[in-house]
Structure formats: structure tokens, C-alpha cells
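Just below is one structure, and these are the notes that go with it.
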Amino acid sequence: MSVRELVVLGTASQVPTRHRNHNGYLLRWDGEGILFDPGEGTQRQMLRAGVSAHDIDRICVTHFHGDHSLGLAGVIQRINLDEVPHPVVAHYPASGQRFFDRLRYATAYRETVPLVETPVAADGVLARAGAYTLEAYRLSHPVESYGYRLVEPDGRRILPERLAAHGIKGPDVGRLQRDGAFGGVTLDDVSEVRRGQRFAFVMDTRLCDGVHALAEGCDMLVIESTFLDEDVRLATEHGHLTAGQAGRAAHEAGVRHLVLTHFSQRYTDAADTFERQARAAGFEGEMTVARDLWRIPVPKRS
Numbered sequence: 004m005s006v007r008e009l010v011v012l013g014t015a016s017q018v019p020t021r022h023r024n025h026n027g028y029l030l031r032w033d034g035e036g037i038l039f040d041p042g043e044g045t046q047r048q049m050l051r052a053g054v055s056a057h058d059i060d061r062i063c064v065t066h067f068h069g070d071h072s073l074g075l076a077g078v079i080q081r082i083n084l085d086e087v088p089h090p091v092v093a094h095y096p097a098s099g100q101r102f103f104d105r106l107r108y109a110t111a112y113r114e115t116v117p118l119v120e121t122p123v124a125a126d127g128v129l130a131r132a133g134a135y136t137l138e139a140y141r142l143s144h145p146v147e148s149y150g151y152r153l154v155e156p157d158g159r160r161i162l163p164e165r166l167a168a169h170g171i172k173g174p175d176v177g178r179l180q181r182d183g184a185f186g187g188v189t190l191d192d193v194s195e196v197r198r199g200q201r202f203a204f205v206m207d208t209r210l211c212d213g214v215h216a217l218a219e220g221c222d223m224l225v226i227e228s229t230f231l232d233e234d235v236r237l238a239t240e241h242g243h244l245t246a247g248q249a250g251r252a253a254h255e256a257g258v259r260h261l262v263l264t265h266f267s268q269r270y271t272d273a274a275d276t277f278e279r280q281a282r283a284a285g286f287e288g289e290m291t292v293a294r295d296l297w298r299i300p301v302p303k304r305s
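Residue numbers (our numbering): 4 to 305.
Structure below.
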């Protein structure tokens, strides 16, 4: 049975707190695992969350500030220590190649697993896997930063009542699906488009075109909301979003499930306030104010 869920490994911005680790998020997408922004302490959080190095097929780093990347060294070495039996692909801003190299080779270890480096240098498609297309879009932050977006290809949903109306049954159904037509009846006559699911990961950024492109039509949007609305000046100055800005962007994009994360240590026990401000900005869908070690399922198809 396929599983699509977000495993939250850390939710703090800049510095960890007693209750929040640095960033880290594993997206389980059917049989594949995509690790986003492994900050310091990610390897231990993986242990606590029941995530192993074998679960990682792809690593996506938005930018090279420490709270989003210092865990790379430990994660990469753990992948090799555990002799993960498949190659792991790594995406990160091409302008940060020197930082990636330093983290990859921070200490001595034996490389046993192919790590395929695929830096990001422009907006667009990064990879086409069997179950999704991976895209990246530039964000607005003091250092070069990219957000990531998974788009599942659209499929077709067979409608039994239409099959019955055309008298198609048994092996003929398979022939129609395989060939696109049977006995003068086309696949379009007996089916409808099943829209593929969409997931986006948006970290440190001001509001910009990239935020809107990433969020558009997503079933799940994981987005930073470092500040509350009353601190919007600080958010803009430091290249971040407020809860209200994140909620408004999700509302305008038609997001189904909004996951707020990457919270400043200046706020304690403010989950209700983050949600209230995102709601006040117009978002009416499902919302989660993330906490470490939570598992959040991607919404089922509409």
C-alpha cells in the first residue's frame, strides 16, 4: 500500500529550542523518501521518528544557512555507514557548491553509496521520476534559495456507470484502457481526468513570484511562517514570511492542507496565534501548525 506523508523532524528557525529541533522534513511519497533541509541534529531526530538512512532517496536543500543544512554532514555519513543499497540524489543551489563540498567531506569516512549531485541553477524541472516531476523555483532571501514542488502526472478514473451504459465489461475494459478505444467507444467516453497530487516545500523567503508558483494548486504546502504579523517589518528585513502572509499565499493558490513551520524562538506556546493569523488572512482549508516528530498525511485525492 502506498504511503504519502510528511514526517516532521524539526521546526525551529535559526536556533533550536528545548522543544523544537533545527529544520528537517522527510516526505514519504509511495516507495520513495525525500529529505528536505536537514539542519543540525537531523540524524538524531530521524532515530526518534523511526526514519532510517535507507528511507532516503533524494535530498533537497533550499539554501545554505546552518539551520537548513548543518545536518548534511551527519546524514551523508550515515547513508554511507549503513551502506544504503541505492544511489541518493542531492539538490541544492549551485551557488552554494563550496558549502555542500565542505559538509559532504567535513570529516573522514568511507564512501560506499553513490551520491549524485544535481545542483539547482534556474527555475524549472529538476527530475522526472516515475511517480512525480520535481521542480524548483527561486525564492527571495539574503542568500540564494530555492523552493521545491512535486507534481504527480494526471491519470484517468474509469466510471463504471459509463462502462455499463456502453455495454463494456470484462476483458473489454482492459482492451479499452490499453488501446484508448474499443468498439467505437473512446477512453474519454467512459472516464474522467484524475488530477495528480501536488506538494510544495517553501522555506526562507519574502513574498515573491516563486512562492506563488510553488504553492499553486497544492494538496499540501509546507511553508515557513517565522514571524507573527505584528513583526512583519522584521520578516521583510530578514527575508521571511509572517503567518498571515503564508495563509494569504495558500488561500490565493487554492492549497488544500497548509503546514506552517520554521518558527522564531521569540514565540513560545503561540501555535494558536499562528493559526489564527493564517485564518484571518483568508485560508479556510486544513491547517497544521507543525511540531517535531509529527506525521502529517498528504490529503487523499478529492
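Here a beta-carbon is modelled for each residue, glycine too, at the ideal position from N, C-alpha and C.
DSSP state of valine 235, grouped into three classes? Position 232 of the sequence shown, counting from 1, holds the residue named residue 235. Valine 235: helix per DSSP, three-state reduction.
Beta carbon of glycine 242 nearer than 7 Å to that of aspartate 232: As a working mapping, residue 242 is identified with position 239 in the sequence shown. As a working mapping, residue 232 is identified with position 229 in the sequence shown. No, these two residues do not count as a Cβ contact at 7 Å.
Euclidean distance between Cα positions of glutamine 268 and valine 292: On the sequence shown, position 265 is the one that residue 268 refers to. On the sequence shown, position 289 is the one that residue 292 refers to. Cα to Cα, the separation comes out at about 15 Å.
Which partner residues does glutamine 290 have in the DSSP bridge list? On the sequence shown, residue 290 is found 287 positions in, with the first residue counted as 1. Inspection of the sequence shows that residue 290 is occupied by methionine rather than by glutamine. Looking at the DSSP assignment, methionine 290 forms a beta bridge with Leu261.
Give the DSSP-derived three-state secondary structure of leucine 210 in the structure shown. Indexing the sequence shown from 1 puts residue 210 at position 207. Note: leucine 210 maps to coil in three-state DSSP.
Is it buried or exposed for glutamine 80, if we count other Cβ within 10 angstroms and need 16 for buried? On the sequence shown, position 77 is the one that residue 80 refers to. Buried: at least 16 other Cβ atoms inside 10 Å.
Histidine 94 and threonine 121 - do their beta-carbons sit closer together than 7 Å? If you number the sequence shown from 1, residue 121 lands on position 118. If you number the sequence shown from 1, residue 94 lands on position 91. Cβ distance < 7 Å, so threonine 121 and histidine 94 count as in contact.
Sufficient close CB pairs (3 or more, under 8 Å) joining the stretch 125-140 to the stretch 169-186: no
Looking at cysteine 63 and phenylalanine 102, is the spacing between their C-beta atoms short of 7 Å? Translated into positions along the sequence shown, residue 102 becomes position 99. Translated into positions along the sequence shown, residue 63 becomes position 60. Contact flag unset, no.
Give the list of continuous alpha helix (DSSP H) stretches no shorter than 4 residues that lie fully inside the stretch 24-65. 45-52
Excluding the five sequence neighbours on either side, which residues of its own chain have a C-beta within less than 7 Å of the C-beta of glutamine 46, listed in chain order? As a working mapping, residue 46 is identified with position 43 in the sequence shown. Gly74, Gly77, Val78, Arg81.
Beta-bridge partners of threonine 136, as assigned by DSSP: Looking up residue 136 in the sequence shown gives position 133. For threonine 136, which the question treats as bridged, DSSP gives the partners Arg131, Val154.
Does the separation of the CB atoms of leucine 12 and alanine 52 fall below 7 Å? Position 9 of the sequence shown, counted from the first residue, corresponds to residue 12. Position 49 of the sequence shown, counted from the first residue, corresponds to residue 52. In this structure, alanine 52 lies closer than 7 Å to leucine 12 by Cβ.
Under 7 Å between C-beta atoms of glutamate 155 and glutamine 100: Stepping through the sequence shown from its first residue, residue 155 is reached at position 152. Stepping through the sequence shown from its first residue, residue 100 is reached at position 97. No, they are not a contact pair.
What does a CB cutoff of less than 8 Å around proline 90 pick up in its chain, not counting 5 residues either side in sequence? Stepping through the sequence shown from its first residue, residue 90 is reached at position 87. Within the same chain, proline 90 has close Cβ partners Val116, Pro117, Leu118, Val119.
Proximal residues to valine 123 (C-beta, below 7 Å), its chain only, five neighbours per side dropped: Taking the sequence shown and counting its residues from 1, one reaches residue 123 at position 120. Hits under 7 Å: His94, Tyr95, Pro96, Ala97, Leu129, Ala139, Tyr149.
When you compare each of Phe286, Ala109, Leu29, Leu106 to arginine 259 by their alpha carbons, which one comes out closest? Residue 259 sits at position 256 when you count from the first residue of the sequence shown. Cα-wise, what sits closest to arginine 259 is Phe286.
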